[in-house]
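Numbering (this note's numbering), first residue to last: 809 to 891.
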Amino acid sequence: MKNVTIELDVELHRLTRLKAEPAGKSISEYVASVLEEAAALKQPVTPEGRERLAALQRIFAGPTWDISENGRMPNAEERNARR
């Protein structure tokens with residue numbers, strides 16, 4: 809473990825202590841757990857993850873062709889009509 813010194817204003821120190829007590833942790837342990845949780849949320853994006861994200865963005869962007877008829881979207885009956 810590495811030691812880190814941080815400066816907190818009085819109110820932030822008080823709030824941190826109040827959050828740490830019910831968890832049964834020291835302020836140091838509590839701050840470490842909060843930082844671990846924050847670090848876990850920001851995992852580096854892998855090339856595979858970038859591909860998945862790009863695919864989802866293409867899906868959510870919707871169709872790239874005009875499917876409206878005379879400026880309005882077809883209703884369910886028109887969409888499912890056999891032509």
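Where a beta carbon is used, it is the ideal one built from N, C-alpha and C, also for glycine.
These numbers were taken from a predicted model, which means no experiment stands behind them.
{"query": "Arg890 in three-state terms, based on DSSP", "result": "coil"}
{"query": "Rounded C-alpha distance that separates Glu819 from Arg825", "result": "10 Å"}
{"query": "Within 8 Å, strictly: CB atoms of Lys833 and Ser841", "result": "yes"}
{"query": "Glu815 in three-state terms, based on DSSP", "result": "coil"}
{"query": "Residue range of the alpha helix (DSSP H) that includes Ala831", "result": "Careful: Ala831 lies outside any alpha helix (DSSP H) and carries neither H nor E."}
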